[in-house]
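J.: Under numbering that gives the first Met the number 0, read the sequence shown as residues 0 to 282, first letter to last. Quick reminder that beta carbons are idealized off the backbone N, C-alpha and C, glycines included. Here it is, the structure in full.
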Amino acid sequence: MNIQKRVAAIHDISCFGRCSLTVALPIISATGVETAVIPTAVLSTHTGGLTGFTYRDLTDDIEKIVDHWISLNLRFDAIYTGFLGSFEQIDIISKTFDRLRSEGTMVIVDPVMADNGELYKIFPKDFPSGMKKLCEKADVIIPNITEAVMMLNEDYISGPYTCGYIESLLRRLGKINGRKAVLTGVSFNDEELGAASFDSETGKISYSFARRIPGYYHGTGDVFGSALTASLINGLSLEKATDIAVRFTVGSIQRTYDARTDIRFGVDFESGLKELAETVLKR
Ligand code: PXL
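The following block contains the structure:
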C-alpha cells in the first residue's frame, strides 16, 4: 500500500497572475502529494507590476484554521511557506510550525520578500530580520540572492558572481538554519542562470544551470520552490530536487517567452506538469 504524503502550503492566493498558491497547489498535487492550504491573504493579482490590486489580509484566520486542524489530528509530511500577508504573520507561522510539526515533518521556508536588490514595497524595513527568524526553524530555506543578503545584513550586488562569493553566501546561509539552503538567481556568466544547494551536515555544494532567457518573468520563484518541495517530499536528494526545479522553471519560462505572453501574467508551468510528474515519480 502506498501511503500518500501530505503537505501544508502556506502562501497568499493571488487570484490572477500564477504565483504562490495558484502555482504551489497544482505543482505539488501533480506529483501525487495531498496539498492542504493556509491562505495568508487574498489579492486580485500579485503585486509585481500590476496596479490597483485588492488585498484582504487573513492574519486573523490562520490560528483558527490551525486550531481546527489540530482537533482533526492531521499529520503533515511537510510544511511549505512563501509570501506572508503581514509582519505579524511571521510569529504566527513560527508557532504554526511548532503546532503542526511531528517526527519527520520537513519544514521548507521560501523567505519571499525581495528581488533585484529591492524589498517588495508592501513590506516594512525590518521584514528581513523577521524572515531570518522564521528561516532558523526550517529544514530547507530557498532564498534568492537579494533575500539572502538582506537576511545576512549585507549590500546587494548584481551578477554575474564569482564561485567564491556564492559559496561564502551558501555557507553563511546554512548557518541560519544549520541544515539545507538552496540559493536561486545564481550566475557565473551572462549566458547561464540557475541555483546552488548547500547541505550544512555534509558540507556539499551543488549547482544546476540552464540557458538564461531574456526578461523578468513573474512567479518563477514560486514555480521553482513548489517543484523543489514536490521533489523533496517524494524522496529525491537536495541536489536532484534542485536540478529538477531548475529544469521545470526554465522550461516554463521558455514556453512563455516563445508565446510572447505578458511577463506579468506568470509562466506556462501547466504544460510541463505531466513531464514533471513523470520525472519526480520515476526517481
Ligand atoms: O511570487 C512572489 C509573490 C507572491 N505573492 C504576491 C506577490 C509576490 C511577488 O511580488 O506580490 C502577492
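Please work out which residues of its chain come closer than 6 Å, Cβ to Cβ, to His217, disregarding the five sequence neighbours upstream and downstream, and give them in chain order.
T.: Here residue 217 corresponds to residue number 218 of the sequence shown, with the count starting at 1. Here the set comprises Gly47, Arg263 and Gly265.
J.: Secondary structure at Ser251, three-state DSSP: helix, strand or coil?
T.: On the sequence shown, position 252 is the one that residue 251 refers to. Helix.
J.: Here's a check: name, in chain order, each residue in its chain whose Cβ is nearer than 7 Å to the Cβ of Asp198, leaving out the five neighbours to either side.
T.: Along the sequence shown, one-based indexing puts residue 198 at 199. Lys179 and Leu237.
J.: Between the segment 142–156 and the segment 85–100, are three or more C-beta pairs nearer than 8 Å?
T.: With a cut-off of 8 Å, the segment 85–100 and the segment 142–156 do not count as touching, because too few Cβ pairs lie within range.
J.: Under a Cβ-count criterion, where at least 16 other Cβ atoms within 10 Å of its own Cβ denotes burial, should Pro127 be classed as buried or exposed?
T.: For the purposes of this step, residue 127 is taken as residue 128 along the sequence shown, with counting starting at 1. Buried, because 16 or more other Cβ atoms sit within 10 Å of the Cβ of Pro127.
J.: Can you find the residues in the same chain that come closer than 6 Å, C-beta to C-beta, to Asp109, ignoring five residues on each side of it along the sequence?
T.: Within the sequence shown, residue 109 is the residue found at index 110, counting from 1. Excluding positions up to five away in sequence, the list reads Gly81, Ile141 and Gly224.
J.: Helix, strand or coil, according to DSSP, for Glu146 in the structure here?
T.: Within the sequence shown, the letter at position 147 stands for residue 146. Helix.
J.: From Arg254 to Arg246, what does the alpha carbon distance come to, in whole angstroms?
T.: In the sequence shown, counting from the first residue as 1, residue 254 sits at position 255. In the sequence shown, counting from the first residue as 1, residue 246 sits at position 247. Between Arg254 and Arg246, the C-alpha separation is close to 12 Å.
J.: According to DSSP, which residues form a beta bridge with Phe208?
T.: Stepping through the sequence shown from its first residue, residue 208 is reached at position 209. Gly193.
J.: Which runs of the beta strand (DSSP E), 3 residues or longer, sit entirely within the segment 1–47?
T.: The segment 1–47 contains these whole beta strand (DSSP E) runs: 5–15 and 33–44.
J.: Less than 8 Å between the CB of Cys162 and some heavy atom of the ligand PXL, yes or no?
T.: Here residue 162 is taken as the residue at index 163 of the sequence shown, counted from 1. Not so, every heavy atom of the ligand PXL lies at least 8 Å from the Cβ.
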